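Visitor: Take a look at this one; I'll ask things after.
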Amino acid sequence: GARVASLCTGAFVLAAAGLLDGGHATTHWAHTRELAARHPGVTVDPDVLYVDGGRVLTSAGKAAAMDLCLHLVRLDHGSSVANALARRLVVPPHRDGGQAQFVTTPVPEPGSHPLADLLPWALQRLDRPLTVEDLARRARMSSRHLARHFRAVTGTTPLHWLHTQRIRRAQELLETTDDTVDAVATATGMGTATTLRRHFHRTVGVPPDTYRRTFRARSRADAPQPPPTR
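Just add 616 to wherever you are in the sequence shown, counting from 1, and you've got our numbering.
So this is what it looks like as structure tokens:
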């Protein structure tokens with residue numbers, strides 16, 4: 617029942633052991649063709665940071681390995697703990713597994729690139745119904761140019777990035793507050809509880825209420841237990 621995760625080229629070990637047969641996996645982009653050639657029973661995705669197959673997980677190289685580790689921390693201990701750990705490590709708090717492995721442009725320093733100021737601005741306004749056009753207007757560029765810059769810097773599209781940030785904010789609120797699903801939907805810019813439930817279930821795999829119950833049950837189970845009384 618244990619989970620098994622490989623980092624970078626560790627996927628070759630899992631594939632050789634037969635743990636990836638019939639499933640999806642990834643590895644460092646420079647070795648994806650070799651992995652696919654050696655193990656034709658494995659569907660190798662060369663364009664993602666990591667693959668969560670439930671009990672078996674694989675990551676791409678270097679920084680993506682840290683992304684997978686933070687993903688596991690988030691699953692077991694929640695977004696707040698994962699974000700705190702990311703700050704300690706001085707890395708982005710969350711990069712979705714479906715983002716591109718290879719990004720040609722480094723993440724910009726504050727003030728050095730339109731997106732460097734745009735991303736924090738958007739994160740502070742997730743409760744608003746932001747659109748790609750709003751982001752483009754704030755960055756003073758066309759939607760087409762924004763999409764190109766976004767892909768180069770983050771490896772994903774503006775719309776997908778916004779969606780991911782709204783879901784992560786919803787997870788944090790479900791973990792740390794007693795707010796209703798309606799209130800969480802408002803705070804994350806989802807509008808209605810119905811919309812939040814649909815997108816949350818599609819992204820996380822469970823409804824918001826189930827996520828909250830499961831997270832809190834796990835937190836209670838992980839909490840230190842008082843010594844037995846005599």
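For each residue, glycine too, the CB sits at the ideal point set by N, CA and C.
A quick note: this is a predicted structure, and the numbers were derived from the prediction, not measured.
Threshold first: 4 residues or longer. Then list the alpha helix (DSSP H) segments lying entirely within the segment 725 to 779, N to C.
Guide: Counting only runs of 4 or more, we get 730 to 739, 748 to 755 and 759 to 770.
Visitor: Measure from the alpha carbon of L665 to the alpha carbon of each residue in G657, H640, R756 and A653, then state which is nearest.
Guide: Of G657, H640, R756 and A653, the residue nearest in Cα terms is H640.
Visitor: Determine whether the beta carbon atoms of H644 and A676 lie at a separation below 7 Å.
Guide: Yes, these two residues count as a Cβ contact at 7 Å.
Visitor: In this structure, does DSSP put T625 in helix, strand or coil?
Guide: Residue state, collapsed to three classes: helix.
Visitor: Within the present structure, is the beta-carbon of P662 separated from the nearest heavy atom of the ligand NAP by less than 6 Å?
Guide: Although the ligand NAP was asked about, the structure shown includes no ligands whatsoever.
Visitor: Using 10 angstroms around the beta-carbon of T720, count the other beta-carbons present and answer buried if the total reaches 16, otherwise exposed.
Guide: Confidence at T720 is low in this model, with a pLDDT of 39, below 50, so the placement of that residue should be treated as unreliable; the coordinate-derived value is given next. Its Cβ having fewer than 16 others within 10 Å, T720 is exposed.
Visitor: If you run the structure through DSSP and keep just helix, strand and coil, what is H655?
Guide: Coil.
Visitor: Below 8 Å, how does it come out for the segment 646 to 660 and the segment 678 to 690: are there three or more Cβ pairs, yes or no?
Guide: With the cut-off at 8 Å, the segment 646 to 660 and the segment 678 to 690 do not touch.
Visitor: Between E749 and V667, what straight-line distance do the alpha-carbon atoms span, to the nearest angstrom?
Guide: Rounded to whole angstroms, E749 to V667 spans 31 Å at the Cα level.
Visitor: How many angstroms separate the CA atom of S758 from the CA atom of R744?
Guide: Each residue's Cα considered, the two are about 21 Å apart.
Visitor: Pull up the distance between the alpha-carbon of L651 and that of C624, whole angstroms please.
Guide: The straight-line gap from Cα to Cα measures roughly 11 Å.
Visitor: With the cut-off set at 7 Å, would you say L734 and A755 are in Cβ contact?
Guide: Cβ distance < 7 Å, so L734 and A755 count as in contact.
Visitor: DSSP three-state label for L686, please.
Guide: Helix.
Visitor: Please list, in chain order, all residues of the same chain as A763 whose beta carbon is under 7 Å from its beta carbon, the five residues on each side excluded.
Guide: Excluding positions up to five away in sequence, the list reads T773 and P774.
Visitor: Please name the residue in D794, G805 and A801 whose C-alpha comes closest to that of L739.
Guide: It is G805 whose Cα lies nearest to the Cα of L739.
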